[in-house]
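J.: Counting from 2, one number per residue, gives the positions in the sequence shown under the working numbering.
Would you mind keeping the following structure in view while I ask a few things?
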Amino acid sequence: AAAAHDPFFQLLSTSGVCRTDDQNKGNFDEDWGMSYTACHDKALYATYFTGFEYAVEGKASRCKLFKGPILSTLPVGGASCYKKASKTELGPHKKRL
């Protein structure tokens, strides 16, 4: 279960998938069978990830780690979208080295 407040990520949707400006075509890594905590931590510690989506479909869990700016969400049950907080608390997207 996710913490009520996470200082590192902004919860964009509790029932939706993340959307980027590239129509979601390959600008992410996808891992199956990963726990929420492992997905969260992988997104947090790799600076090139901008956020993550976590979904449970039946008995399978899916972790999508995004590399481009997350701009919106699309309603899909069972999925949650989290955007990484910037240094200026969710200000304009800046590439971090």
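Beta carbons are placed, not taken as given, at the ideal position from N, Cα and C, and that holds for glycine.
Would you kindly work out how many angstroms separate the C-alpha atoms of THR51 and VAL18, rounded to a whole number?
T.: So the alpha carbons of these two residues sit roughly 14 Å apart.
J.: What are the start and end residues of the alpha helix (DSSP H) that includes LYS43?
T.: Residues 37 to 46.
J.: Buried or exposed: which applies to TYR101, given that a residue is buried once 16 or more other Cβ atoms fall within 10 Å of its Cβ?
T.: In the structure as shown, the chain starts at 2 and stops at 98, and residue 101 therefore has no counterpart that could be examined.
J.: Is THR74 buried or exposed, if buried means 16 or more other CB atoms sit within 10 Å of its CB?
T.: Answer is buried; the Cβ neighbour count reaches 16.
J.: Exposed or buried, what is SER81 when buried is set at 16 or more other beta-carbons lying within 10 Å of its beta-carbon?
T.: Buried: at least 16 other Cβ atoms inside 10 Å.
J.: Ignoring anything shorter than 3 residues or poking outside the segment 61 to 88, list the beta strand (DSSP E) runs there in chain order.
T.: Fully enclosed beta strand (DSSP E) runs of 3 or longer: 61 to 67, 71 to 76, 80 to 85.
J.: Would you mind working out which of ILE71, SER14, ALA47, LEU45 sits nearest ALA56, comparing C-alpha positions?
T.: Comparing Cα-Cα distances from ALA56 to each of ILE71, SER14, ALA47, LEU45, the minimum goes to SER14.
J.: Specify, as a first and last residue, the run of the beta strand (DSSP E) that SER14 falls within.
T.: Taken as a continuous stretch (DSSP letters only), the beta strand (DSSP E) holding SER14 covers 10 to 14.
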